[in-house]
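S.K.: The structure is given below, and queries will be raised subsequently.
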C-alpha cells in the first residue's frame, strides 16, 4: 500500500503499524500527542493518521476523528446489524436531554442561560449527572457580573454521539441560519457558534475568588 | 484487495466487513459459528476468516486464532515495543480521592487538618500513594507545636485534572450550581481558597533530613 | 368560550369536558413548556401561531386549574401576568410617546423563545437518534492493556475529585443540623389574651378583629391563630364564651356568654 521501497518507506510503514496498534489497543480516542512518544522525533503523526484513515475507509471498522482524538470504531452502516440488546443503564430525563443539547449548541453556556432557554430552573442533579456521564464539563467563567461558570461539552460527548467536531452537530447550520442560537435576543443581533476551543474573550479561567457572589439568578420570563 | 467486480464480489466484501466489525467489537474471541447468524446462509465463515487474516498480515494488528476462536491482537513484534510502556490502571481509592481533594482545597494542609475534615484517620499509605502518583508533595512544616509537615498539590496534579491553576477549582457557588453540593448548607460552610504560592507565613521550609523521612515519628517534638 | 378553547383540545379524539379539566399542571416543566404545548395544538408552524390566541389559551388554562383548586407554582402566575400584559399591549394601539415595548415586539420575543425551546428539543432527539457509541457503533471490545506513558497509573477525573470533596463537606454538616426555633404562643398565653380582649363584650366580634394587633407579624400569624382558636374552644367548653362561624373558612365570631340567671 505504501509504495516506497527505500528506508523512508520502511520507517513510514513501521510508524503506521505503531499508530495502528496503539489506536487498536485503546478503547478511548487517542490524541496525536499521546502517540508521538512512540514514534521517531519529528514524525508527522497527523499525516500518518490521515493515511491510516484512508486505508480503513469502506472497511468494517473505520478510523474516526473525535475532536482532538482519533479512534477505531465499527462502521456506522453496520449499526443495525451489530445492535445488541443493550439497555441504557440510566436513560436521560427530558430535562437532562434538553440541558445537554442547550449546552452543546450554545456553549459556552452559563446555568442562567440554560434556564432562560428552558424557562425553568435547572433541577439539582441535572448538570451533576451530565458531568458524571463525562459529557459536560466546567469550562471557565463568564466575564460578567457574578462571573458565572460556563459549561461546555467534552470529547467523550463527541465520541458518544459520533461527531468529529462540534460543527457536525445535527442541524447546526439550519439553527444558525434561523438565529435560534443567538444568546438573549432575537435573530438579527448576532449568532455565536458552539465553541470548544480555549477560553473565549469573555471567559476567565475558573477562579474561586468570588466565593461570596451567587450566580445571577434568572427570574426573567 | 478483493479482486472480484461482480455481485459475488460485493457480497464477499460485505461479509468481510461484517466479520471484521464483529471481531473488533467482541469482548472475547469468536468462533466461526458465533458469526454465522450475521451472514448469509451457507457463507463460508472460515474462508472469510482466512481472507481477513491474510489482509491483516504485516499490519500493526493481526487476526489470530485462539483455540476455536478468532481475535484481533497487536502484532507480536509491536507488542514487545508497546509493553515496555505498559502500566496497570486502577481507579483511585475513595480514601485517596478524598484525601487528595482536601489537600487540593485546603492546602497547605497538615495530616491532622486532613483528618479533621475527613473525620477519620488517614493511613500513611494514602499520602504515600498520592506522593508516589506525583500529585501531592510535602511543602514545608507548620510553625506550630510538633512542626507537622504541610502538604500541597503538584504541577502534575494540575496537569492530570486539566486545571490551569489551583484557582480553576470551582468554588462554593459552582459546586452548588452544578448539584455537587446540595443547596441546604449552613452559612458557616466555607470553601477555602487553595493556596499555591511559596511558603506561607506560618510555614517553615522542610529540613534536609525530611527528604527521607516525611512524617515525624511518634514522640518526636 | 373563545375559538382558542376549541383549538387546544382539538386532538384526534376530543376527550369529554370532564376529563379536560383534569389536566395536570404538574405534567409540564414550567410555563414555557405549557405554552409550547398549547402552541403546538394550534397545528401551524410556530412562526405563524397567533400569540394573542395563545395568551388567551394560557390564561384560560391557568384559570381552569385554579378553579379546581390545584396548586399553581408562582412562575406560572408570573407568566400569566405577563401574558395578560402582552394581551393588553396587542389589543390597544400604541400611544404616541409610549416608551414601553410594543405588543408586536413582546409577541415576537415570546415566539422566539418558543421556537428556540422547540429547536433545542428537536436537537436533543436528533442527537439521541444518531448512531451512538455502544448502541450502533462499537469500540474495540477487548482493548489490550497498553497504557500511554504520559498518563498516570491512577485513574481519577476532575469530577471524581470534586464529588469526593463535596460529599465529605456535606457529610460533616448533617450531624450539626439544628431545627429552626419558632415562636409559639402557649395555650395559656392565648387564653389570657383572649379573656382580656373579649372582656365583657356581648356583641359578636370576629376573632381576627381581636387579634389584629397580634397578627401584624406574618411569621407569627399561624401560631397566634392556632393557639387562640384552641383556647377559644376550651373557653366555650367552660361556658365562658360563645363562638359562631357562618360559612366554611369564614371569619370566627365570638362574644361573652350571658350569664343565665339561675
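Residue numbers (our numbering), protein chains in the order written: chain U, 541 to 761; chain L, 541 to 761; chain G, 614 to 875.
Beta carbons: idealized from backbone N, C-alpha and C, even for Gly.
Here the structure is a predicted model, which is why all the values come from computation and not from measurement.
What is the DSSP secondary structure of residue 586/L, counted as helix, strand or coil?
M.R.: Helix.
S.K.: Of all Cβ atoms in chain G, is any one closer than 8 Å to the Cβ of residue 649/U?
M.R.: Output row for residue 649/U: interface = no.
S.K.: Considering residue 858/G, what are the terminal residues of the beta strand (DSSP E) in which it resides?
M.R.: Its beta strand (DSSP E) spans residues 854-858.
S.K.: Are the CB atoms of residue 650/L and residue 690/L within a distance shorter than 8 Å?
M.R.: The answer is yes: Cβ separation under 8 Å.
S.K.: Please determine, among 610/U, 567/U, 672/U, 618/U, the residue with the shortest C-alpha to C-alpha distance to residue 640/U.
M.R.: Comparing Cα positions, the closest option is 672/U.
S.K.: Output yes if chain G places a C-beta closer than 8 Å to the C-beta of residue 605/U; else output no.
M.R.: So no, residue 605/U is outside the interface.
S.K.: Could you tell me if residue 741/U is buried or exposed, where buried requires 16 or more neighbouring beta carbons within 10 angstroms of its beta carbon?
M.R.: Looking at its Cβ environment, which holds fewer than 16 other Cβ atoms inside 10 Å, residue 741/U is exposed.
S.K.: Sorted by chain position, which residues of the same chain lie with C-beta nearer than 7 Å to residue 696/G's C-beta, five sequence neighbours on each side aside?
M.R.: For residue 696/G, where only same-chain residues beyond five positions count, the Cβ hits under 7 Å are 668, 671, 672.
S.K.: Excluding the 5 residues flanking residue 622/U on each side, which residues of the same chain have their C-beta closer than 7 Å to its C-beta?
M.R.: 614.
S.K.: Opposite residue 744/U in the DSSP bridges: which residues?
M.R.: For residue 744/U, which the question treats as bridged, DSSP gives the partners 681/U.
S.K.: Hey, is residue 760/U's beta-carbon within less than 8 Å of any beta-carbon in chain L?
M.R.: Only weak support is given to the placement of residue 760/U: the predicted model assigns it a pLDDT of 36, under 50, and the value that follows is read from those uncertain coordinates. Taking Cβ atoms only, chain L never reaches closer than 8 Å to residue 760/U, which makes this a no.
S.K.: Using a Cβ cut-off of 7 Å, pull out every chain L residue sitting near residue 743/G, in sequence order please.
M.R.: Per Cβ cutoff of 7 Å: no residues; residue 743/G is ~18 Å from chain L at best.
S.K.: For the alpha helix (DSSP H) containing residue 615/L, name the first residue and the last one.
M.R.: Run containing residue 615/L: none; DSSP gives neither H nor E here.
S.K.: Have a look at residue 656/U and residue 782/G and give me their C-alpha separation to the nearest angstrom.
M.R.: Approximately 31 Å between the Cα atoms of the pair.
S.K.: Determine the direct distance from the alpha carbon of residue 677/G to that of residue 643/G, and round the result to whole angstroms.
M.R.: Those two C-alpha atoms are separated by around 17 Å.
S.K.: Since I believe residue 820/G is in contact with residue 841/G (beta carbons under 8 Å), could you give me their beta-carbon distance rounded to a whole number of angstroms?
M.R.: 7 Å between Cβ atoms; contact.
S.K.: Which parts of the stretch 679-717 of chain U are runs of the beta strand (DSSP E), unbroken and 3 residues or longer, counting only runs that do not cross its ends?
M.R.: Within the stretch 679-717 of chain U, the complete beta strand (DSSP E) runs of at least 3 residues are 689-693.
S.K.: When burial is assigned at 16 or more other CB atoms within 10 Å of the CB, is residue 664/G buried or exposed?
M.R.: Buried, since its Cβ has 16 or more Cβ neighbours within 10 Å.
S.K.: Helix, strand or coil: which one does DSSP assign to residue 757/G?
M.R.: It is coil, neither helix nor strand.
S.K.: Residue 852/G: buried (16+ other C-beta within 10 angstroms of its C-beta) or exposed?
M.R.: Classification for residue 852/G: exposed.
S.K.: Does the stretch 641-648 of chain U come into contact with the stretch 587-595 of chain L, if we say contact requires no fewer than three beta-carbon pairs (one atom in each stretch) closer than 8 Å?
M.R.: Because the criterion of three Cβ pairs below 8 Å is not met, the stretch 641-648 of chain U and the stretch 587-595 of chain L do not touch.
S.K.: Where does residue 748/G sit, in a helix, a strand or coil, going by DSSP?
M.R.: Here residue 748/G sits in coil by DSSP.
S.K.: Over what stretch of residues does the alpha helix (DSSP H) that includes residue 651/G continue unbroken?
M.R.: That run of the alpha helix (DSSP H) goes 644-653.
S.K.: Taking only three categories from DSSP, how would you classify residue 599/L?
M.R.: Three-state DSSP puts residue 599/L in coil, outside helix and strand.
S.K.: Identify each residue in the stretch 607-625 of chain U for which the Cβ-Cβ distance to at least one residue of chain L is less than 8 Å, and report them in chain order.
M.R.: So the list reads 612, 614, 615, 618, 621, 622, given in the order they occur along the chain.
S.K.: So the candidates are 632/L, 685/L, 686/L, 701/L; which of them puts its Cα closest to the Cα of residue 667/L?
M.R.: Ranking the options by Cα distance to residue 667/L, first place goes to 632/L.
S.K.: Is residue 680/G near the ligand FAD, going by C-beta to nearest heavy atom under 7 Å?
M.R.: This structure lacks the ligand FAD; in fact it carries no ligand of any kind.
S.K.: Thinking just about the alpha-carbon of each residue, which of 743/G, 848/G, 654/G, 838/G is nearest to the one in residue 711/U?
M.R.: The candidate whose alpha carbon is nearest that of residue 711/U is 743/G.
S.K.: Between which two residues does the beta strand (DSSP E) carrying residue 868/G extend?
M.R.: Residue 868/G -> beta strand (DSSP E) spans 865-869.
S.K.: Ordered along the chain, which non-local residues of its own chain (more than five positions away) have a Cβ less than 8 Å from that of residue 811/G?
M.R.: Counting only Cβ-Cβ distances below 8 Å, and skipping sequence neighbours, we find 818, 823, 854, 867, 868, 869.
S.K.: Report the rounded CA-to-CA distance for residue 881/G versus residue 726/L, giving the unit in angstroms.
M.R.: Nothing in the structure corresponds to residue 881/G, since chain G is present only between 614 and 875.
S.K.: For a contact defined as C-beta to C-beta under 7 Å, what are the partners of residue 710/U on chain L?
M.R.: Ordered by position in chain L, no residue passes the 7 Å Cβ test against residue 710/U, which lies about 24 Å from the chain.
S.K.: Reducing DSSP to helix, strand and coil, say where residue 705/G ends up.
M.R.: Reduced to three states, the DSSP call for residue 705/G is coil.
S.K.: Nearest CA to the CA of residue 806/G: which residue from 720/G, 707/G, 845/G, 747/G?
M.R.: Cα-wise, what sits closest to residue 806/G is 845/G.
S.K.: Any C-beta of chain L within less than 7 Å: which residues of the stretch 566-595 of chain U qualify?
M.R.: Under the 7 Å Cβ criterion, the stretch 566-595 of chain U contributes no residue.
S.K.: Check the Cβ-Cβ distances between residue 554/L and every residue of chain G, and say whether any is below 8 Å.
M.R.: No, its Cβ sits nowhere closer than 8 Å to a Cβ of chain G.
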